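All letters in the sequence shown, in the order written, are residues 1 to 321 by UniProt numbering.
Yeah, the Cβ is synthetic: ideal placement off N, Cα and C, and Gly gets one too.
Since the structure is predicted, the reported quantities are computational estimates derived from the model, not experimental observations.
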Amino acid sequence: MPDTQETNMRALHFDSHGEWSEVLHLVDAPVPAPGANQIRIKVHACALNPMDWVLCLGWMPGPLPGGIGLDVSGTVEAIGEGVTNVKVGDNVFGVPDYLGFPNAGVAESAVLSIWEPVPAGLDMLAAATLPMAVETATRSLDLLGVSTGQTVLINGGGTMVGFAAVQIALARGARVIAAAGKTFENELRGFGTEVTPYGEGLVERMREIAGGKVDRVLQTALAPGQLHDFIKIVDGEPKHVISITDFDDEGLGIKTTGREEDLVPRYDVLSSYAQLAAEGRFVIPVARTFSLDQWREALELCHSGHAHGKLLILPGQGDAS
């Protein structure tokens with residue numbers, strides 16, 4: 001389809017690898033052209049994630065210059081060859097092709113190879129919160145084999161992946177106990193989750209709360225030194241523990257999801273959870289929004305660990321909330 005859009009845009013780039021605060025900068029860049037089976041969107045909202053720091057540090061392969069922002073929503077503005085399920089003007093959400101292009105989602109336009117329509121009733125901010133949290137939570141719970149009747153500890157119920165995992169595990173019929181802080185305690189309890197504080201004494205608290213065996217542990221919050229405790233919680237079975245944050249450097253037998261050689265992303269579930277979100281039956285909380293010019297403030301808050309929900313950059317808007 002002919003591209004009649006502007007030829008330049010603003011985007012957040014890094015030209016070398018390092019700490020985000022040192023390598024990221026706002027640039028004028030060419031508007032990317034979608035290839036076969038791709039679309040380009042005018043970005044409405046881009047959610048920030050810890051994975052953005054990983055990209056800056058060069059821990060994942062990608063081009064230089066590179067960009068950050070892996071969760072987006074926006075309006076289709078160009079379509080590549082072979083795309084038949086959307087048209088220009090449609091609202092979609094998805095994952096930017098950060099490996100194939102020098103910018104990702106924190107930009108005025110982005111190319112997507114993975115997308116789904118935004119269903120009626122779901123606002124564009126809520127849509128942008130879904131991809132990484134839903135995909136990571138679903139894949140991790142699948143690897144753990146979480147199913148009906150099991151008791152599951154989600155350590156980090158207040159992280160966005162943990163918040164998603166709580167809801168997904170409950171929907172599978174599991175009994176869920178979340179270790180979490182005060183920020184989302186009421187929301188987690190409202191889902192039907194039992195909530196306990198993080199940290200020291202967790203093993204003993206879990207035994208008291210569970211009143212029996214805990215079948216699985218999903219670790220979604222940074223908790224250095226606690227892997228041994230998680231193994232105790234599942235009666236010495238390290239294969240029943242998965243972490244998305246802490247590496248098993250001691251060789252305990254705990255998997256760190258995202259490092260599997262045969263990793264198969266679960267983007268196939270995005271449409272289902274978007275529909276649930278549109279119906280008010282699934283949610284990822286939004287903490288604040290920022291304009292593109294406020295990117296540094298947004299990233300500083302995200303990196304602090306005190307965001308208390310998703311932080312979204314709105315490249316097309318000048319005001320923050």
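Which two residues bound the contiguous alpha helix (DSSP H) that contains M9?
-> M9 -> not in any alpha helix (DSSP H); beta strand (DSSP E) instead, spanning N8 to F14.
Pick from E187, I209 and G190: whose alpha carbon is nearest that of T196?
-> I209
For N155, write down the residues that DSSP places opposite it in a beta bridge.
-> A179 and Q219
Who does N91 pair with in a DSSP beta bridge?
-> T75
Please go through the stretch 221-299 and give each complete beta strand (DSSP E) segment of 3 or more residues, from N-terminal end onward.
-> 241-243 and 286-291
Pull up the distance between the alpha-carbon of E81 and that of E185, whole angstroms please.
-> 47 Å
Three-way DSSP call (helix, strand, coil) for P117 in this model = strand
Return the residue from the list V234, R207 and I68 that minimises the CA-CA distance to T104.
-> According to the sequence provided, residue 104 is Ala. The question's Thr does not apply to it. Among V234, R207 and I68, the Cα nearest to that of A104 belongs to I68.
Determine the extent of the alpha helix (DSSP H) in which L314 is found, giving its start and end residues.
-> Here L314 belongs to no alpha helix (DSSP H); instead the beta strand (DSSP E) covers K310 to L314.
Compare the Cα-Cα distances from V111 to each of G162, S140, P32 and A45 and report the closest residue.
-> P32
Keeping to the same chain, check which residues put their C-beta closer than 6 Å to that of R139; ignore five residues upstream and five downstream.
-> R266
Would you grab the beta carbon distance between L222 and D246 for me? Rounded to a whole angstrom, and I think it's under 8 Å.
-> 7 Å
How is P2 classed by DSSP in three states: helix, strand or coil?
-> Low confidence applies to P2: its pLDDT is 46, below 50, so where it sits in the model is not reliable, and the reading given next is rough at best. P2: coil per DSSP, three-state reduction.
Throw me the rounded Cβ distance for the N91 and V118 pair, which I believe falls under 8 Å.
-> 4 Å
Quick one: what's got a C-beta closer than 8 Å to S321's C-beta in the same chain, skipping five residues either side?
-> Per-residue confidence for S321 stands at a pLDDT of 48, beneath the threshold of 50, marking its modelled position as unreliable; no derived number is given.
When the Cα of V283 is compared with those of H228, H17 and G162, which residue comes out closest?
-> G162
Beta-ladder partner(s) of S109, from DSSP | K42
Give a yes or no on whether the C-beta atoms belonging to T151 and K213 are separated by under 8 Å.
-> yes
Nonlocal neighbours in the same chain, by C-beta distance under 6 Å from F65, ignoring five residues either side | Residue 65 is actually Pro in this sequence, not Phe. Same-chain partners within the cutoff: H13, D15 and P102.
Taking 8 Å as the cut-off, decide whether the C-beta atoms of I114 and V72 are in contact.
-> no
Between V54 and the rest of its own chain, which residues show a CB-CB distance below 7 Å, the 5 nearest in sequence each way excluded?
-> M60
Tell whether a beta-carbon distance below 8 Å holds between A278 and A120.
-> yes
So L99 and G62 are in contact, right, with Cβ under 8 Å, and what is the actual spacing, rounded?
-> 5 Å
According to DSSP, what are the bridge partners of H25?
-> H13
Find the nearest neighbour of A133 within the set P34, V241 and P50, judged by alpha-carbon distance.
-> P50
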